[in-house]
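Novice: Numbered according to the working numbering, the sequence shown spans residues 32 to 312. I'd like to ask you about the structure that follows.
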Amino acid sequence: MVKPKKSLGQHFLSDRRIARRIVEAVSPSGRDAIIEIGPGEGALTRQLLDDCGFLVCIEIDRELVERLRGSIEAKNLSVIEGDALQVNWGDIIEAAKRGWSEHVGEEHAGEDVGPVVRLVANLPYYISTPLIQILIRQPMVEMTLMLQREVVDRIIASPGGREYGYFSVLVQYYCEAQELFEVSPSAFRPPPKVKSAVIRLRKRATPIVSVQSEKSFFALVRAAFAQRRKTIHNNLKAAASALGFDSIAAEPFLKANIDPKRRAETLSIAEFAALHSALFE
Ligand code: SAM
């Protein structure tokens, strides 16, 4: 057993039933090219390998990379030493597809569809938010992630709640989010201080709303939530120059049928899109 490194967020899943439940939720098949981030000692890796077409693992810890390479002999596995925040995701997805084609492609010859690219991770909590911001933009069908309970709450939050914010809008814009189950700290070695939950993010074929520019849309949403106690109008006024305006009048709010005295946390994603279009188009 490896001594867990706190600095790398290492909490290894020691409860086999939970590992089984995660893999059952993923339900891997020969059609899948799966990418696993942070395989650690391989709690999920070994089970995923049994049924998927090809598996690419990205692990930052060299000691664990060497252990995995030395302990698992499988032709449908590639272990990459790297930092999931820094790797080129286009290259990783291509490597997963290529591995799938070389390994099981022949079995699917004649079918006109390639592999289904999916991602699985029991994520180190310290990188989960920045990493999710990268992952949701990648061409993958689905992600099954173990996250800190409160990050899951923020992702699935609806307007009106305390948890609803920029991150909820961002993730829900690209993905359908579904919480699967909660996991207690006792399922890990060592136990983390917080509860965890497993979530499924399914990439939408097209974002939930149509906006002319994602850049200015997310800048607007971020500015709207800057100070949660302020009205949306006051937050946007404070960010006017950063958003490219001299000032923000009440008119776009009227046009979008949104009371400027509302707070950002009460606006649905469709209302943010309407406000964005009234302001920028
Ligand atoms: N999947 C294993 C399990 O369920 O037991 C390990 C989970 S542990 C919470 C997180 C894993 O991610 C560790 O193996 C850690 O070394 C790895 N890790 C941490 N930071 C990483 C990064 N930036 N990129 C890739 N892997 C990372």
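Built from N, CA and C at the ideal position, the CB exists for glycine as well. Fair warning: this is a prediction, and the values are worked out from it, not measured in the lab.
Counting C-beta neighbours from all protein chains within 10 Å, is the total for Thr76 16 or more, i.e. buried, or is it exposed?
Specialist: buried
Novice: Considering only their Cβ atoms, is the gap separating Glu210 from Ile239 smaller than 8 Å?
Specialist: no
Novice: Less than 7 Å between the CB of Asn153 and some heavy atom of the ligand COA, yes or no?
Specialist: Looking at this structure, you won't find the ligand COA anywhere; what it does contain is the ligand SAM.
Novice: Quickly, what does DSSP pair Val87 with across the bridge? List them, please.
Specialist: Ile66 and Ser109
Novice: How would you call Thr175, buried or exposed, if buried means at least 16 neighbouring beta carbons within 10 angstroms?
Specialist: buried
Novice: Determine which residues share a DSSP beta bridge with Asn153 and list them.
Specialist: Looking at the DSSP assignment, Asn153 forms a beta bridge with Met177.
Novice: Could you say which of Glu90, Leu154, Gln164 and Ala105 lies nearest to Thr82 if we only look at CA atoms?
Specialist: According to the sequence displayed, residue 82 carries Asp and not Thr. Minimum Cα distance to Asp82 is reached at Ala105.
Novice: Between which residues of its own chain and Val252 is the CB-CB distance below 6 Å, once the five residues before and five after are set aside?
Specialist: Tyr197, Val200 and Phe303
Novice: Ser109 and Gly130 look like a contact to me (Cβ under 8 Å); what is the Cβ gap, rounded to whole Å?
Specialist: The pair is a contact, with the Cβ atoms about 6 Å apart (cut-off 8 Å).
Novice: For Glu215, which residues in the same chain have their Cβ closer than 7 Å to its Cβ, ignoring the five residues on either side in sequence?
Specialist: Checking the displayed sequence, the identity of residue 215 turns out to be Ser instead of Glu. Contacts found: Lys226.
Novice: Arg28 to Gln78, Cα distance in whole Å?
Specialist: Nothing about residue 28 can be read from this structure; the chain reaches only from 32 to 312.
Novice: Report yes if the C-beta distance between Pro146 and Asp63 is below 8 Å; otherwise report no.
Specialist: yes
Novice: Can you tell me whether Asp92 is buried or exposed, with buried defined as 16 or more other CB within 10 angstroms of its CB?
Specialist: buried
Novice: Say the cut is 7 Å; is the CB of Gly40 nearer than that to a heavy atom of the ligand SAM?
Specialist: yes
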